[in-house]
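Numbering (the numbering used here), first residue to last: 272 to 645.
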């Protein structure tokens, strides 16, 4: 088998995304997904030396691996310890870096020589799961944009959401100087007065600070129907933790946004695609509500035992393994440090793996670093 070039691989993935952008049934794309994933593993094995060494330590190679489930999973720690790129890293090449809240000295690095695939991977699921009822909307960004933080995948995400789907009243209301509370209040009052639905879009803890401010100012809004709130991340911050139900209640009381119009996205620095709560798309298609997350056709999620890294039965908790075709330049298969649970409808994120649960992660990281000792 001839290894494909970088351009060929990107074109194949881009074409896959175009073909299956609106497909809910992953069985329809399974055969094509498997072929592209195997081609991608072959490309990464030949061009990403740390990944090749790790795969070899697992006794895996493109000659042996014949289905996507057998592609070796790169532990998240690999993005902190090694340079995982199939192309030589250029001096000014865009790179996404994790926030380093867990360990400021060890941030993840994910290099992006091109954003063609990344942008396509972001665009179509956002439309499907976040804007199933319309093409444009007033989007109020509550996370710094790409110009403020070019090393944040979420910053690019927020910027592109507004570029692709925001109307002329959309904007970002936070920068290096902090949150523009007065600007947000003005935008919300205008939307309320004009009867124009809006979307609040930001990191989870953006809302904690915004709600604190609005509570102090004794401000509430009756936002028009179809308004929605989008967040990503979790509510265990550096300052305090927030109970999810308390947050839902505060959102309802402050913005007049119901639980069924609240949507959470699962994404991270080390991956290039995102997964979404399904409640909004199901609501607008008149289907029973389901708050589990769904993956786009170019992503597969498996739940693995924390001890053995073997698949668990449906409905059992385990580590989230993430297979992402859009991750063409680093590693197609990633072992996250997040716990999840999955059924036939979708999956839920339960939080970060803790202590003794992390045995499988620890063994995988140890094997990774041992394989890449110079």
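Beta carbons are placed, not taken as given, at the ideal position from N, Cα and C, and that holds for glycine. Since the structure is predicted, the reported quantities are computational estimates derived from the model, not experimental observations.
Span of the alpha helix (DSSP H), counted from its first residue to its last, around residue i
i           : result
residue 545 : It is not in any alpha helix (DSSP H) - residue 545 carries neither H nor E in the DSSP assignment.
residue 285 : 277-291
residue 393 : 387-401
residue 552 : 550-555
residue 433 : 424-436
residue 310 : 297-318
residue 452 : 452-465
Any C-beta of chain C under 8 Å from that of residue i
i           : result
residue 353 : The chain labelled as chain C is not found in the depicted structure, where only one protein chain is given.
Backbone CA spacing between residue i and residue j [nearest angstrom]
i           : j           : result
residue 548 : residue 408 : 19 Å
residue 536 : residue 397 : 9 Å
residue 644 : residue 470 : 48 Å
residue 421 : residue 365 : 8 Å
residue 509 : residue 370 : Unreliable placement is indicated for residue 509, whose pLDDT of 47 sits below 50; the coordinate value is still reported in the next sentence. If you take the alpha carbons of residue 509 and residue 370, they lie about 12 Å apart.
residue 284 : residue 593 : 16 Å
residue 520 : residue 322 : 45 Å
residue 552 : residue 531 : 10 Å
residue 333 : residue 315 : 10 Å
residue 433 : residue 358 : 30 Å
residue 565 : residue 454 : 34 Å
residue 339 : residue 414 : 35 Å
residue 429 : residue 317 : 34 Å
residue 304 : residue 295 : 14 Å
residue 274 : residue 590 : 31 Å
residue 466 : residue 625 : 46 Å
residue 410 : residue 403 : 15 Å
residue 586 : residue 363 : 45 Å
residue 406 : residue 445 : 24 Å
residue 500 : residue 329 : 43 Å
residue 526 : residue 494 : 6 Å
residue 360 : residue 382 : 7 Å
residue 377 : residue 351 : 5 Å
residue 367 : residue 386 : 12 Å
residue 308 : residue 557 : 34 Å
residue 440 : residue 331 : 52 Å
residue 477 : residue 327 : 43 Å
residue 400 : residue 393 : 11 Å
residue 431 : residue 581 : 37 Å
residue 550 : residue 503 : 15 Å
residue 384 : residue 486 : 44 Å
residue 354 : residue 607 : 17 Å
residue 572 : residue 356 : 22 Å
residue 560 : residue 475 : 22 Å
residue 623 : residue 480 : 23 Å
residue 437 : residue 498 : 13 Å
residue 299 : residue 324 : 33 Å
residue 443 : residue 534 : 19 Å
residue 306 : residue 424 : 28 Å
residue 312 : residue 337 : 10 Å
residue 282 : residue 609 : 31 Å
Outcome for residue i when other beta-carbon atoms lying within 10 angstroms are tallied against a minimum of 16
i           : result
residue 600 : buried
residue 464 : exposed
residue 489 : exposed
residue 301 : exposed
residue 417 : buried
residue 335 : exposed
residue 616 : exposed
residue 449 : exposed
residue 293 : exposed
residue 545 : buried
residue 614 : exposed
residue 567 : buried
residue 346 : buried
residue 390 : buried
residue 496 : exposed
residue 319 : buried
residue 637 : exposed
residue 598 : buried
residue 483 : exposed
Anticipated Cβ contact below 8 Å, residue i with residue j, distance rounded
i           : j           : result
residue 388 : residue 543 : 7 Å
residue 310 : residue 342 : Residue 310 to residue 342, Cβ: 11 Å. No contact.
residue 426 : residue 541 : Contact flag wrong, Cβ pair sits at about 16 Å.
residue 529 : residue 523 : 6 Å
residue 639 : residue 349 : 5 Å
residue 344 : residue 604 : 5 Å
residue 595 : residue 570 : 5 Å
residue 412 : residue 472 : 6 Å
Extent of the continuous beta strand (DSSP E) run through residue i
i           : result
residue 525 : It is not in any beta strand (DSSP E) - residue 525 instead sits in the alpha helix (DSSP H) that spans 515-526.
residue 335 : Counting along the chain, residue 335 falls outside any beta strand (DSSP E), and DSSP gives it neither H nor E.
residue 472 : 469-474
Item to check | Contact between the segment 277-288 and the segment 572-583 (3+ Cβ pairs under 8 Å) | outcome: no
Checklist entry - If we count Cβ pairs, one from each stretch, closer than 8 Å, do we get three or more for the segment 448-464 versus the segment 484-501? => result yes
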